[in-house]
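First comes the structure, then the notes that go with it.
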Amino acid sequence: MHSLRLIGKLTELTETRPDWMDETSCPVHAFETIEGEKHQTHLLYSADMCQRAFGDEEHFEVSPLAVNVRKLGNHLGLAVENSATFLEDNPIQLSGSAHNARRREFLRAYAITLRRLVPALEGIAREHFAQLSMKPPHKLAQDVVEPYIDSVVRRAMNATDSQLTPSYRALTRDTATLFEPIHHPRRIQRKSREIEDFLGTARTAVNASPDDNIRLSYALQGREPMVSALTGYIKQLLGCKEAERMRLLASTSTTELFRMAAPVNYISRLASADVQLGELRIARGDSVIFMLPWASAGAAGSNRGIAFGSGNHSCAGQALALAITTPFLIVLRDAFASIDWSQLADVTAAPGVFRHYGDQSR
Amino acid sequence: MTQTKKDFAQFLDEFLDDGLPANGLDARISDIGLDSLSLLELIQAIETEYEVEIDLAEIRDRSTLHDLAARALA
Chain A
133 MHSLRLIGKL
143 TELTETRPDW
153 MDETSCPVHA
163 FETIEGEKHQ
173 THLLYSADMC
183 QRAFGDEEHF
193 EVSPLAVNVR
203 KLGNHLGLAV
213 ENSATFLEDN
223 PIQLSGSAHN
233 ARRREFLRAY
243 AITLRRLVPA
253 LEGIAREHFA
263 QLSMKPPHKL
273 AQDVVEPYID
283 SVVRRAMNAT
293 DSQLTPSYRA
303 LTRDTATLFE
313 PIHHPRRIQR
323 KSREIEDFLG
333 TARTAVNASP
343 DDNIRLSYAL
353 QGREPMVSAL
363 TGYIKQLLGC
373 KEAERMRLLA
383 STSTTELFRM
393 AAPVNYISRL
403 ASADVQLGEL
413 RIARGDSVIF
423 MLPWASAGAA
433 GSNRGIAFGS
443 GNHSCAGQAL
453 ALAITTPFLI
463 VLRDAFASID
473 WSQLADVTAA
483 PGVFRHYGDQ
493 SR
Chain B
292 MTQTKKDFAQ
302 FLDEFLDDGL
312 PANGLDARIS
322 DIGLDSLSLL
332 ELIQAIETEY
342 EVEIDLAEIR
352 DRSTLHDLAA
362 RALA
């Protein structure tokens with residue numbers, strides 16, 4: 133069965149991917165095809181092929197995540213309206229002029245958020261690491277990374293911790309379930325409930341913003357990749373020898389961090405017409421999955437980063453992500469030696485669109 | 292078969308349009324003629340009936356109905 137083969141392959145790849153994708157992580161082949169009954173799914177590992185496909189909107193359209201969620205909901209009688217609405221109203225699901233207009237709205241909102249956040253970020257980072265210096269961390273993601281990111285995300289949403297904590301915590305768990313090529317019935321229904329609960333709380337608790345979708349995007353699209361990228365980086369730091377650790381601490385830029393610890397394992401497109409991509413022949417109706425961490429490893433040494441995608445649908449939150457990461461890295465560099473890392477439990481990655489972290493089980 | 296696996300086999304036989312295949316729980320999931328949507332429907336039904344959570348990543352192309360039973364009855 134095609135879907136099982138696809139899930140199996142994606143699981144195998146994401147379970148075994150290195151935390152830090154360097155040149156040795158490049159796969160031998162530029163692509164791989166999973167045969168299906170009617171259509172194929174092509175996994176692209178080559179940065180060149182990914183860039184070309186990202187830029188070719190004539191032949192590749194966004195994958196119908198929202199359509200699939202609604203179809204699943206209708207077929208199985210699931211209450212998935214909130215998940216479907218979030219996806220439908222998001223730039224990742226729009227095309228053409230509708231996409232351009234909506235993306236501009238997101239970018240405008242993110243720019244306003246960025247201006248508001250930047251003066252506060254270093255202070256948030258310093259307070260966070262001061263706490264860690266006093267109280268040794270036990271869990272890498274939950275103790276070292278999440279508190280910083282959650283403080284930032286809540287500020288982006290214009291909310292306080294006490295106003296949002298229960299619904300926010302539920303909302304931000306397992307967000308990748310929205311973006312999988314095959315949606316799990318229980319999880320997508322649960323996510324819909326969590327979105328509803330969160331919005332119910334947010335509308336009464338926070339400064340009113342008419343755009344629920346943008347407010348949700350920080351939590352549903354930004355938080356998990358941010359946490360996983362920073363977790364991957366720190367895990368790499370803790371796993372290497374002292375000299376290499378000092379070099380990484382001193383010299384890793386934010387863009388390099390996202391390239392090496394690429395937090396989004398894969399995103400997909402649907403071929404809207406027959407197309408030749410290098411040696412790969414893609415038929416109309418085939419799916420293409422961009423294996424971003426592997427493509428990123430292959431783009432090492434070039435300026436053509438792929439961790440945030442490329443083309444018109446590249447990550448709208450990239451500037452935010454980089455701006456949030458920079459103070460974290462700067463303060464971490466200063467504070468690293470003063471933190472007792474000896475009590476950390478092992479971090480195991482788990483499969484998924486977004487790279488999972490910590491000791492949460494799926 | 293244990294009583295509980297027998298129950299699971301009966302559950303599947305009633306759920307599947309064509310009933311349980313001739314080789315019973317030895318059959319691979321990929322060979323019982325389900326499309327993706329029907330597979331998800333089956334997963335949902337098992338989760339509801341047996342009050343378990345099944346991760347799609349646990350099910351592989353070579354997984355059998357015995358493997359599914361093991362998850363349901365774990």
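Note that the protein sequences, when read in sequence, are chains A and B. The numbering of the first sequence is the working numbering, which starts it at 133 and goes up by one. The numbering of the second sequence is the working numbering, which starts it at 292 and goes up by one. We put the beta carbon where it would ideally sit given N, CA and C, even for glycine. Just so we're clear, the structure is a prediction, and the values are computed from it rather than from any experiment.
Going by beta carbon distance, what residues of the same chain come within less than 7 Å of residue i, once the five residues before and after it are set aside?
i	result
residue 398 of chain A	142, 421, 422, 423, 424, 485
residue 235 of chain A	223, 448
residue 306 of chain B	333, 336
residue 493 of chain A	With a pLDDT of 36 at residue 493 of chain A, under the threshold of 50, the modelled position of that residue is not reliable, and the figure given next carries that caveat. Hits under 7 Å: none found.
residue 458 of chain A	386
Please work out which residues of its chain come closer than 6 Å, Cβ to Cβ, to residue i, disregarding the five sequence neighbours upstream and downstream, and give them in chain order.
i	result
residue 205 of chain A	212
residue 406 of chain A	415, 416
residue 452 of chain A	242, 246
residue 440 of chain A	446, 447, 450
residue 320 of chain B	354
residue 258 of chain A	463
Residue i: buried (16+ other C-beta within 10 angstroms of its C-beta) or exposed?
i	result
residue 161 of chain A	exposed
residue 282 of chain A	buried
residue 482 of chain A	The pLDDT assigned to residue 482 of chain A is 46, lower than 50, so where the model puts this residue is not dependable, and the model offers no usable value.
residue 270 of chain A	exposed
residue 541 of chain A	Since the first and last residues shown for chain A are 133 and 494, residue 541 of chain A lies out of range.
residue 170 of chain A	exposed
residue 367 of chain A	buried
residue 309 of chain A	buried
residue 139 of chain A	buried
residue 276 of chain A	buried
residue 321 of chain A	buried
residue 173 of chain A	buried
Compare the C-beta of residue i against all C-beta atoms of chain B and say whether one is closer than 8 Å.
i	result
residue 423 of chain A	no
residue 143 of chain A	yes
residue 207 of chain A	yes
residue 419 of chain A	no
residue 481 of chain A	Confidence in residue 481 of chain A is poor, its pLDDT being 49 and thus under 50, which makes the residue's placement too unreliable to answer from.
residue 140 of chain A	yes
Using alpha carbons as the reference points, say which of the options lies closest to residue i.
i	options	result
residue 323 of chain B	B:312, B:300, B:332, B:331	B:312
residue 396 of chain A	A:169, A:354, A:265, A:189	A:354
residue 194 of chain A	A:456, A:465, A:446	A:446
residue 371 of chain A	A:197, A:215, A:152, A:198	A:152
residue 178 of chain A	A:465, A:403, A:462, A:438	A:438
residue 427 of chain A	A:190, A:442, A:418, A:348	A:442
residue 360 of chain B	B:348, B:315, B:327	B:315
residue 297 of chain A	A:321, A:316, A:276, A:333	A:333
Please confirm if residue i has its CB atom under 8 Å from at least one CB of chain A.
i	result
residue 307 of chain B	no
residue 360 of chain B	no
residue 300 of chain B	no
residue 344 of chain B	yes
Given residue i, which residues of its chain have a CB within under 8 Å of its CB, disregarding the five upstream and five downstream residues?
i	result
residue 351 of chain A	285, 289, 300, 303, 304, 307, 330
Per the contact definition of three or more C-beta pairs closer than 8 Å, is the segment 374-384 of chain A in contact with the segment 154-163 of chain A?
no
Between the segment 460-475 of chain A and the segment 261-270 of chain A, are three or more C-beta pairs nearer than 8 Å?
yes
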